[in-house]
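781 is the number that the working numbering gives the last residue of the sequence shown; the numbers go up by one with no jumps.
Structure first, commentary second.
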Amino acid sequence: MNAILIKNHISERGVIFMSWEQVYEQWVHEENLEENLKKQLNDLGEDPEKLEDAFYAPLEFGTAGMRGILGPGINRMNIYTVRQATEGLARFMDTQGEETKRRGVAIAYDSRHQSPEFAMEAAKTLAHHNIPSYVFESLRPTPELSFAVRHLKTFAGIMVTASHNPAAYNGYKVYGEDGGQMPPADADALTKYVREVSNPLKVEVLSDEEAEHSGLITIIGEEVDAAYLEEIKAVTIDHELVETMGKDLKLVYTPLHGTGKMLGERALKQAGFEQFVLVPEQAVADPDFTTVKSPNPEEHSAFEYAIRLGEKEGADLLIATDPDADRLGAAVRLPNGSYEVLTGNQIGALFAQYILEAHQSRGTLPENAAVLKSIVSSELPTAIAEHYGATMFNVLTGFKFIAEKIQQFEEDHSHTFMFGFEESYGYLVKPFVRDKDAIQALLLLAEVAAYYKKQGKTLYDGLQTIFETYGYYAEKTISVTMSGQEGSAKISALMEKFREEAPTEFAGAKVIQTEDFKELTRTNREGNVEKLTTPPSDVLKYTLEENGWIAIRPSGTEPKIKFYIGVKGNSSEDAAEKVAAYEAIIQKMTEE
């Protein structure tokens, strides 16, 4: 790999002043290295390539926290990198004054390997700084951690999760006092403190005995669950509809071996949905996600067990949530009795249509109604919002930007938040949580299905009506995986190539506008340049003729570069043809 590229890449993560071999030697000779990590390190010694990847640079701590493969090394998730991240948070809190420290930190974790241990390591690191923490007694969904920060009025929150990544991964996300992931300014300040912790092996923590006697670690659970379940009652809009149709709607739900069962089952029963069945094999928390290749509700394979059970039960709707229950996917019954898995954009359109229509028909739609979505999500909900007189706001990818906008609405009273979503299967209905919430989405999608069932229709029928009304929109996301240190450099080089050799057309459709969210410029086809007002982000978006668009960005959580395609066609076939044409061009460009 090019030495300059390595140097630049490492400097973005925090400069290390030793070679990877020197850092490796530091770990090998660490007297008190945790036993399992010591054994894994010995095994790694037989594979120089894997060894280098584990030690060549610190695990990246960015605006979404950190995520990585479990194992020894500074580029892996382990108790030492968790301590390092938490030490950075503690030092950041030290600068904010004693009142901030007294408010403490809420900590939750999912069903992954070592999640409970990482949560307690974080708590013991904070306790060394005399910072209290509130740790859930057992696994909980990410949205409940967001809620807990607000409910307990803590200064911050830590969620130990790698979301829908494969079983070999774990991660660590930091939340701000509003319950959203930290906004850019705070995240940058926190990142600076994390990067200043140069040796994760030397971070001091309280021992188990010291932690127990310190009184700084409080175990929480049912009281927060009950408060969340009380708030979620407001998610359903038409309570009479749910009361009459809830007992007839047949629903299959799979938490994909994760945390969704914790609150999802109780929320459905509380709302009045009685005919739901859990996929038994996947209702058990399992860090290996034994029944799925990937616990990701974006992927059709995640629905294999749910479809089998749905066919047996004659279910109207199948729902899957990812391991930390912040994302939701769904499959709808077709006229022939089979099931079709919906895209995140299609679910977003169903939600936008139902929420705005239900409120308008009940006379409760505010004049200043607002819907929020990311810049890489479908334009179909924009058309729906316009139809109902609601304003659509586009924000950068990352649900914290939706949370930030909600906070702004509350402060300036300019708009009333109705709904927010991202194409990557993240939705928020009520802002008592400030992150995507699959438990809220589970309830609302069941209500939408009940709405159509009452009319003798399915969710599939409802989606066709939306297309007939607003146009045949279609989208596709193409993810290209580029792993390891070379992969990261390739992704950076590819983004620079698109900037330096800006395309003027895709598959014959001319580019009429280019937005560079890193340089904060919007350039039209005449070459006129406007300034963008968003925070900088490494995203390029091309608006094309005939209501098409293409966006490109590196993933913030995985070693991938993502291409997003959006089109509007005269029919579903026409839209599919346009998507296929753009996809072929993109694949050719990435292979060159």
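Just so it is clear, CB atoms sit at the ideal spot from N, CA and C, and this is done for glycine as well.
Keep in mind the model is a prediction, meaning the values are calculated, not measured.
In this structure V669 is in contact with K749, their Cβ atoms being roughly 6 Å apart against a cut-off of 8 Å. Contact check for V431 against A639 passes: the beta carbons are separated by less than 8 Å. Counted as a single uninterrupted DSSP element, the alpha helix (DSSP H) harbouring Q229 occupies residues 224–233. No Cβ-Cβ contact shorter than 8 Å links G651 with L569. In the same chain as F752, and ignoring 5 residues on each side of it, the C-beta atoms closer than 6 Å to its own belong to I667, I741, I775, in chain order. Its Cα nearest to that of T605, the residue A579 stands out among A698, F590, A579, F621.
For K730, DSSP records a beta bridge to E704, A740.
Burial check for M309: the Cβ neighbour count within 10 Å reaches 16 or more, so the residue is buried. Taken in chain order, the unbroken stretches of alpha helix (DSSP H) that lie wholly in the stretch 329–393 and span 4 residues or more are 331–341, 373–385. Close CB contacts of I258 within its chain, under the 8 Å cut and outside five residues either way in sequence, are with R265, M266, A357, Y358 (chain order). In the same chain as E734, and ignoring 5 residues on each side of it, the C-beta atoms closer than 8 Å to its own belong to A698, K699, I701, in chain order.
For S403, the three-state secondary structure derived from DSSP is helix.
The criterion of a C-beta distance shorter than 8 Å is satisfied by G447 and A474. The stretch 588–608 makes no contact with the stretch 761–779; the number of CB pairs closer than 8 Å stays below 3. For M684, the uninterrupted alpha helix (DSSP H) segment begins and ends at 673–689. In this structure, DSSP gives Y543 a helical state, which the three-state scheme calls helix. Counting the other CB atoms within 10 Å of its CB gives V718 a total below 16, which places it among the exposed residues. Setting aside the 5 residues that flank it on each side, A337 is surrounded in the same chain by A295, V413, each with a C-beta closer than 6 Å to its C-beta; the list follows chain order.
For E780, the closest alpha carbon among the candidates K686, I754, D236 is that of K686. For S668, the enclosing beta strand (DSSP E) starts and ends at 661–670. When secondary structure is reduced to three states using DSSP, R301 falls in the coil class, being assigned neither helix nor strand. For M255, the beta-bridge partners assigned by DSSP are Y361.
The stretch 295–307 and the stretch 317–332 touch, with no fewer than 3 CB-CB distances between them shorter than 8 Å.
Membership of R280 in the alpha helix (DSSP H) is indicated by the continuous run 268–283.
An exposed status is given to D377, since fewer than 16 other beta-carbon atoms sit within 10 Å of its beta-carbon.
Going by C-alpha positions, K642 is about 27 Å away from S490. Here I408 carries a strand assignment [DSSP, helix/strand/coil].
DSSP places R711 in the uninterrupted beta strand (DSSP E) bounded by 710–713.
At the C-beta level, E593 and P372 come within 8 Å of one another. Residue range 322–325 is occupied by the beta strand (DSSP E) that includes S322. V521 has L506, E529 as its beta-bridge partners, per DSSP.
The beta carbon of Q464 sits closer than 7 Å to the beta carbons of K436, D437, L438, K439, L440 from its chain, once the five residues preceding and following it are set aside; these are given in chain order. Between E393 and Y382, the alpha-carbon positions lie close to 15 Å from each other.
Beta bridge pairing from DSSP links N583 with K562.
Cβ-Cβ separation between L632 and I421: approximately 7 Å, consistent with a contact (criterion under 8 Å).
Sorting Y616, S527, K342 by C-alpha distance to the C-alpha of T510 places Y616 at the top.
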